[in-house]
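Chemist: Using the numbering used here, read the sequence shown as starting at 110 and increasing by one per residue.
Even for Gly, the Cβ is constructed at its ideal location relative to N, Cα and C.
Pasting a structure below so you can have a look.
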Amino acid sequence: MSERRIHILPEHLANQIAAGEVIQRPESVVKELLENSLDAQAKQIVVVVKEGGKKLIQVIDDGGGMSEEDAVASFLRHATSKIATLEDLEAIRTYGFRGEALASIAAVAHVTMKTRRREDESAVVVHIEGGGAPRVSREAREAGTSIAVQNLFYNTPARRKFLKSAATEFRHIAEAVQRVALSHPEVALRFISDEETLLDVKPAPLHERLLDVFGQRQVEEMVWAEEQTDLMSIRGFIGKPSFGQKSRANQYLFLNRRYIVNRNISHAVFSAYEHLLVKGTFPFFLLFIDIDPHRVDVNVHPSKMEAKFEDEQYVYRIISTLVRRTLAANDLIPTVSLSTTDERESGIGLSFTDRQHPWGGTRVDPMTGEVLSSPRPVETNVGTRSSFISQVLQQDGKEIADRLFGKPAESEQGVQRAGNETAFIHHAAPVWQVHNRYLLTPIEGGLLIVDQHVAHERVLYERALQRTETHARGTQQVLFPEPLQLSPVDFALVEELLPHFQQLGFDLKVFGKNTVVLEGVPADLPATSNAKVIADILTLYREYRQHAVMDARDVLAKSYSCRAAIKSGDPLNEREMRSLLDQLFACTMPYVCPHGRPIVLKISIEELDRRFGRT
Ligand code: ADP
Ligand code: MG
């Protein structure tokens, strides 16, 4: 018997193994082929799949094409035209650069490439099966490249078995196509699955491309965000908090136009929404980050879906600030449509319950190009768009407050001076309290409903954060300080949070074993509070802490404001109601409570008219 147990794997086997890293499923093939077409400067791309890509994946482009020599070489491992030196690797400007995709695909499928450069007379046809020797021929064909991949994983039965149903594989492919549709609005893209055209989009500005992909109703839930720094530019859309998503699927991050997944950035966005989203939901975002390629490394994963930034913290800060600022500047009042079914519930874009029409939009006959059915008619929400509120909210919070509930003398003039437009709420407009829980007040476009507890909570929360930032304490001394006995666990927590308690305005002293004494409380805490408030806050603190990653200061501020706020059930007199509304609309984010519940709802007059059959 030979002594030698180690041997070099035959190349086709090595390629099959390596293929597993780059090509996990039909979607990976689609992604790699699309990236190659984009790298070849294609302006029109057609993607054809059959049976979720298991039978056929074909990508046809009108890009630069290849010479015969290159066409054959392109299937070799580490064959790339995109980088040549280490310096190139340090500043990647193309989607591909590892030279692995075609070799990997050809190792595990039947591949036919047809490619023609503009200057060549005819196209080269290269056929490869399972990484074997290429068969080369020529045929007539327009310029560009078509690569057809059939019977993926036919020679690796274990992998083939791992594939999910055609419907599931299709869904992954559709997501990959959609990402390119979103990241490259200047490229015409057609997607045909099992003979049906599911997407057919022309070159368009980003906003129009979004309408093509998501539809009007969902695009209305997005707001534009933009920031330019010395090091990078960020542009794109973020979802309103009311557009919370059930999963992270609708988070699009394009780094130098490459789709990437980056937990740090997702978290930066998420944290900016933290107190605005309903628990368990995620923000929608579609952001383009453009940055000097020297400052990022995209070569950290074979599928190139991850990236490392030179300065992650910087990126985190910029993005989270941008999102916060954008949210604060936009109209975020949910409009109630009083309808029995809430269409917003159904989520965004590709829910794929209807496999045939993931874009819910235009169906085009693949043969004639004729439109078979038009998109679902869009119900426009008269109240939201054209309302006075959205105009007013372009301005900063203070001014809104003044215009909404301004000091009596001023707003009296205001009403006459500016006529209808500023007469949004007349200072003398009635405010009613309903069930000691909601405040109602007419506004120009309809009716506002405010939840008194969460409104007050919001006010206290923002003030608390301000106090901790400015170190302005606003403590009021307690007349007869009482020692408070805590459980050892609570006591330990208080000790840990002591500096934050003090920043909030609590004058809290440790007083022997497991005991604290409360000598002063924040000025906005109701007078009746005693030392027990500490125990209540700790309980809330623990509860909130479980649900989110936030810093202790923020959680404590939330716990405090929830505890200190007027309760649902507390009767309020008129002065208190007006003062609460004043304070609420002076907040930077008056529409969503620190835990993500809505504070304000609006019913438009149009909606009421409609309901009463007046229109
Ligand atoms: P990479 O994209 O990392 O360079 P690939 O294996 O994906 O590696 O492709 C190998 C080479 O084949 C590319 O560098 C490119 O020169 C060429 N190529 C692949 N697809 C196309 C295409 N659609 N049009 C023109 N050239 C292509
Ligand atoms: Mg490639």
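Using the C-alpha atoms, what's the distance from aspartate 309 back to serine 520?
Modeler: Translated into positions along the sequence shown, residue 520 becomes position 411. Translated into positions along the sequence shown, residue 309 becomes position 200. A caution first: serine 520 carries a pLDDT of 29, below 50, which makes its placement in the model too unreliable to give a value.
Chemist: Please classify threonine 577 as buried or exposed, where buried requires at least 16 neighbouring CB atoms within 10 angstroms.
Modeler: Your numbering for residue 577 matches position 468 in the sequence shown. Looking at its Cβ environment, which holds 16 or more other Cβ atoms inside 10 Å, threonine 577 is buried.
Chemist: In the DSSP output, what is phenylalanine 86 paired with across the bridge?
Modeler: Past the edges of the chain, shown from 110 to 724, lies residue 86, and the structure says nothing about it.
Chemist: Find the nearest neighbour of lysine 164 within the set Pro294, Ala297, Asp303, judged by alpha-carbon distance.
Modeler: Counted from its first residue, the sequence shown places residue 164 at position 55. Cα-wise, what sits closest to lysine 164 is Asp303.
Chemist: Could you tell me the boundaries of the beta strand (DSSP E) in which tyrosine 361 lies?
Modeler: Taking the first residue of the sequence shown as 1, we reach residue 361 at position 252. Residues 360-364.
Chemist: When you compare the CB positions of histidine 236 and threonine 254, do they come within less than 9 Å of one another, or not?
Modeler: As a first step, residue 236 is located in the sequence shown; it is residue number 127 there, counting from the start. As a first step, residue 254 is located in the sequence shown; it is residue number 145 there, counting from the start. No, the pair does not count as a contact, with Cβ atoms beyond the cut-off.
Chemist: Could you give the distance in angstroms between the alpha-carbon of glutamate 144 and the alpha-carbon of phenylalanine 352?
Modeler: For the purposes of this step, residue 144 is taken as the residue at position 35 of the sequence shown. For the purposes of this step, residue 352 is taken as the residue at position 243 of the sequence shown. Between glutamate 144 and phenylalanine 352, the C-alpha separation is close to 30 Å.
Chemist: Which runs of the alpha helix (DSSP H) fall wholly inside the stretch 237-298 and span at least 4 residues, in chain order?
Modeler: If we require 4 residues or more, the alpha helix (DSSP H) runs fully inside the stretch 237-298 come out as 266-271, 275-292.
Chemist: Please list, in chain order, all residues of the same chain as alanine 200 whose beta carbon is under 7 Å from its beta carbon, the five residues on each side excluded.
Modeler: The residue you call residue 200 lines up with position 91 of the sequence shown. Correct list, in chain order: Pro402, His403.
Chemist: Quick check: isoleucine 708 and valine 559, are their CB atoms within less than 9 Å of each other?
Modeler: By 1-based counting over the sequence shown, the position of residue 708 is 599. By 1-based counting over the sequence shown, the position of residue 559 is 450. Contact: yes.
Chemist: Would you mind listing the alpha helix (DSSP H) stretches within the stretch 573-616 that are 4+ residues and don't spill past its ends, in chain order?
Modeler: DSSP runs (the alpha helix (DSSP H)) wholly in the stretch 573-616: 597-613.
Chemist: Just to confirm my understanding: we take valine 630, look at its own chain, exclude 5 residues before and 5 after, and list those with CB closer than 8 Å. What are they?
Modeler: In the sequence shown, the residue the question calls residue 630 occupies position 521. So the qualifying residues of the chain are Thr584, Gln585, Val587, Gly614, Phe615, Asp616, Ser638, Val642.
Chemist: Keeping to the same chain, check which residues put their C-beta closer than 7 Å to that of isoleucine 173; ignore five residues upstream and five downstream.
Modeler: Residue mapping note: residue 173 aligns to position 64 of the sequence shown, counting from 1. The sequence as given places glycine at residue 173; isoleucine does not occur at that position. Closer than 7 Å at the Cβ level, and outside the excluded window around glycine 173, lie Ala149, Gln150, Arg226.
Chemist: Please report the distance separating the alpha-carbon of proline 294 from that of glycine 348.
Modeler: The residue given as residue 294 occupies position 185 in the sequence shown. The residue given as residue 348 occupies position 239 in the sequence shown. So the alpha carbons of these two residues sit roughly 19 Å apart.
Chemist: Look up proline 807 in the DSSP assignment and say whether it is helix, strand or coil.
Modeler: Because the chain here runs from 110 to 724, residue 807 falls outside it and cannot be looked at.
Chemist: Taking just the CA atoms, how far does valine 328 sit from leucine 431?
Modeler: Counting from 1 along the sequence shown, the entry for residue 431 is found at position 322. Counting from 1 along the sequence shown, the entry for residue 328 is found at position 219. Leucine 431 and valine 328: Cα-Cα distance of roughly 19 Å.
Chemist: Grouping DSSP H, G and I as helix and E and B as strand, with all else coil, what is glutamate 628?
Modeler: As a first step, residue 628 must be located in the sequence shown, where it is residue number 519. Three-state DSSP puts glutamate 628 in a strand.
Chemist: How do the stretch 190-200 and the stretch 152-168 stand: do at least 3 beta-carbon pairs fall below 8 Å, yes or no?
Modeler: The stretch 190-200 is not in contact with the stretch 152-168.
Chemist: Just how far apart, CA to CA, sit phenylalanine 610 and tyrosine 425?
Modeler: Locating residue 610 in the sequence shown gives position 501, counting from the first residue. Locating residue 425 in the sequence shown gives position 316, counting from the first residue. Going by the C-alpha atoms only, they are around 27 Å apart.
Chemist: Can you tell me which of the three DSSP states glutamine 327 falls into?
Modeler: In the sequence shown, residue 327 corresponds to position 218, counting from 1. Here glutamine 327 sits in helix by DSSP.
Chemist: Going along the chain, which residues put their C-beta within less than 6 Å of some heavy atom in ligand 2?
Modeler: Here the residues come out as Glu141, Glu144, Asn145, Gly205, Ala210.
Chemist: Between methionine 331 and ligand 1, is there a pair consisting of the residue's CB and a ligand heavy atom that are separated by less than 8 Å?
Modeler: Residue 331 sits at position 222 when you count from the first residue of the sequence shown. Not under cutoff, so the answer is no.
Chemist: State the beta-bridge partners of proline 707 as determined by DSSP.
Modeler: Stepping through the sequence shown from its first residue, residue 707 is reached at position 598. In DSSP, proline 707 forms a bridge with Val701.
Chemist: Mind checking serine 677: buried by the 16 CB within 10 Å criterion, or exposed?
Modeler: Your numbering for residue 677 matches position 568 in the sequence shown. Looking at its Cβ environment, which holds fewer than 16 other Cβ atoms inside 10 Å, serine 677 is exposed.
Chemist: State buried or exposed for proline 699, treating a residue as buried only when at least 16 other CB atoms are found within 10 Å of its CB.
Modeler: For the purposes of this step, residue 699 is taken as the residue at position 590 of the sequence shown. Buried is the call here.
Chemist: Taking proline 314 as the reference, give the member of Glu305, Leu307, Ser292 with the closest Cα.
Modeler: Here the question's residue 314 lines up with position 205 in the sequence shown. Closest by alpha carbon: Ser292.
Chemist: Is lysine 223 near ligand 1, judged by its Cβ being under 8 Å from some heavy atom?
Modeler: On the sequence shown, position 114 is the one that residue 223 refers to. No, the beta carbon of lysine 223 sits no closer than 8 Å to any heavy atom of ligand 1.
Chemist: Taking 9 Å as the CB-CB limit, is valine 289 close to chain D?
Modeler: Included in the structure is just one protein chain, with no chain D present.
Chemist: Which term fits aspartate 633, buried or exposed, when burial requires 16 or more other beta carbons within 10 angstroms of its beta carbon?
Modeler: Locating residue 633 in the sequence shown gives position 524, counting from the first residue. Aspartate 633 should be labelled buried.
Chemist: Leaving aside the five residues before and after phenylalanine 391 along the sequence, list all residues of the same chain whose C-beta is less than 6 Å from its C-beta, in chain order.
Modeler: What you label residue 391 is simply residue 282 of the sequence shown in a count that begins at 1. If we look at phenylalanine 391 and ignore the five residues flanking it on each side, its Cβ neighbours are Gln354, Arg357.
Chemist: Suppose contacts are defined by Cβ-Cβ distances below 9 Å. Is leucine 147 in contact with serine 183 by that definition?
Modeler: Indexing the sequence shown from 1 puts residue 147 at position 38. Indexing the sequence shown from 1 puts residue 183 at position 74. Against a cut-off of 9 Å, the Cβ pair of serine 183 and leucine 147 comes out as no contact.
Chemist: So leucine 422 is in the alpha helix (DSSP H); what residue range does that whole segment cover?
Modeler: On the sequence shown, position 313 is the one that residue 422 refers to. Reading the sequence as shown, one finds glutamine at residue 422 and not leucine. That run of the alpha helix (DSSP H) goes 421-437.
Chemist: In whole angstroms, give me the CA-to-CA distance for glutamate 566 and arginine 299.
Modeler: Here residue 566 corresponds to residue number 457 of the sequence shown, with the count starting at 1. Here residue 299 corresponds to residue number 190 of the sequence shown, with the count starting at 1. Taking the straight line from one Cα to the other gives about 50 Å.
Chemist: Verify the contact flag: alanine 175, CB atom, against every heavy atom of ligand 1, threshold strictly below 8 Å.
Modeler: Sequence index remark: in the sequence shown, residue 175 carries index 66 (1-based). Sequence inspection shows methionine at residue 175; the alanine mentioned does not correspond to that position. Answer for methionine 175: yes, Cβ within range of ligand 1.
Chemist: With C-beta atoms as the reference, is glutamine 360 less than 9 Å away from phenylalanine 393?
Modeler: On the sequence shown, position 251 is the one that residue 360 refers to. On the sequence shown, position 284 is the one that residue 393 refers to. Yes, these two residues count as a Cβ contact at 9 Å.
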